[in-house]
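See below for the structure under consideration.
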Amino acid sequence: MTDHEPSKPPRRDFFSRYSRWPANLELSLLLMVLVIGGGAWGFIKLAEEVREGETQNLDEALLLAMRNPADLHDPIGPKWLEELGRDFTALGGMGVLTALTLAVIGYLLLVKKHRTALLVAAAVGGGMILSLLLKYGFDRPRPDLVPHESYVYTTSFPSGHSMMAAITYLTLAALLARVENQRRVKLYFIALAALLTIAVGISRVYMGVHWPSDVLAGWTAGATWALACWQLGRWLQRRGKIEQAGSEPELK
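So the sequence shown is numbered by this note's numbering: it starts at 1179 and just counts up by one.
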């Protein structure tokens, strides 16, 4: 570039537009409270509509749309799609989610991030208890329009698989995002967690074990819980109560 050529302004890509978060802590906290409050309100509103039967027609239509009209025992699609549905529904099962959570907690303990490990255990364990309490409180029967393609032993509302998938995958994605500097990679973690959560929820309707409104309620409750735990982690981190993102343990 010669001395007479004007300098070009630095190019701004899509991700850099969102690289500046509100500098004011109070504003950030207020926005987070509004988002969490909105999620809680959405769950309560949906629960009221379910209790009043407002969602029943749509629930039945969507559930039947996933079955062969000539044989309700047969989910739509080829056999490999049925197997895929079982695989995805397993990703929201207690066995898989517990094993994944314990593996992450074990890693955090090995790198001496004990308080972060405790936060992960509290977030997932507390979410599991909340899911069971909600199921017990609403006591909604499972769908009886179509045969179940998966064994179930609890009530229907909200979907425990959907709720726990949202809690576990979003919480772990937020944890990974905390130790990553590149915004593209952060977004990748969050997007992957969201896609897994969505796949688990859809598979529950496909397997005939949940009404669509159960799944929507599970997503809403799970995402709200995960967001609240994430905000709690940020608050504790600022006060030095848990380890900083990317911090290395001291060598002894």
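Don't be surprised by glycine CBs; every beta carbon is placed ideally from N, CA and C. None of these values were measured; they are calculated from a predicted model.
Supposed contact pair residue j and residue i - C-beta distance, whole angstroms, cut 8 Å
i            : j            : result
residue 1337 : residue 1284 : The Cβ separation is near 28 Å, so there is no contact.
residue 1267 : residue 1385 : 6 Å
residue 1350 : residue 1217 : Contact flag wrong, Cβ pair sits at about 19 Å.
residue 1408 : residue 1340 : Between residue 1340 and residue 1408 the Cβ distance is about 19 Å, and since that is not below 8 Å, they are no contact.
residue 1372 : residue 1224 : That pair is no contact at about 19 Å.
residue 1286 : residue 1399 : Not quite, the Cβ-Cβ distance comes to about 25 Å (not below 8 Å), so this is no contact.
residue 1241 : residue 1321 : 6 Å
Enclosing alpha helix (DSSP H) for residue i [first to last residue]
i            : result
residue 1405 : 1390–1416
residue 1307 : 1292–1316
residue 1347 : 1338–1356
residue 1370 : 1361–1384
residue 1284 : 1272–1288
Inter-residue Cα distance where the pair is residue i and residue j
i            : j            : result
residue 1326 : residue 1392 : 15 Å
residue 1238 : residue 1401 : 25 Å
residue 1413 : residue 1419 : 9 Å
residue 1319 : residue 1331 : 11 Å
residue 1345 : residue 1301 : 8 Å
residue 1410 : residue 1251 : 45 Å
residue 1297 : residue 1364 : 20 Å
residue 1288 : residue 1213 : 34 Å
residue 1220 : residue 1210 : 15 Å
residue 1199 : residue 1368 : Since pLDDT at residue 1199 reaches only 43, below the 50 mark, its modelled position is unreliable, and the value read off the structure follows with that caveat. Straight-line Cα distance between these residues: approximately 17 Å.
residue 1262 : residue 1253 : 12 Å
residue 1361 : residue 1249 : 48 Å
Residues sharing a beta bridge with residue i, DSSP
i            : result
residue 1253 : 1245
Of the residues the options, the one placed nearest residue i, counting alpha carbons only
i            : options                : result
residue 1376 : 1343, 1320, 1358       : 1343
residue 1333 : 1403, 1358, 1388       : 1388
residue 1315 : 1367, 1335, 1262, 1419 : 1335
residue 1306 : 1331, 1275, 1242       : 1275
residue 1415 : 1323, 1345, 1291       : 1291
residue 1270 : 1328, 1358, 1209       : 1328
residue 1323 : 1209, 1383, 1374       : 1383
residue 1232 : 1403, 1417, 1209, 1390 : 1390
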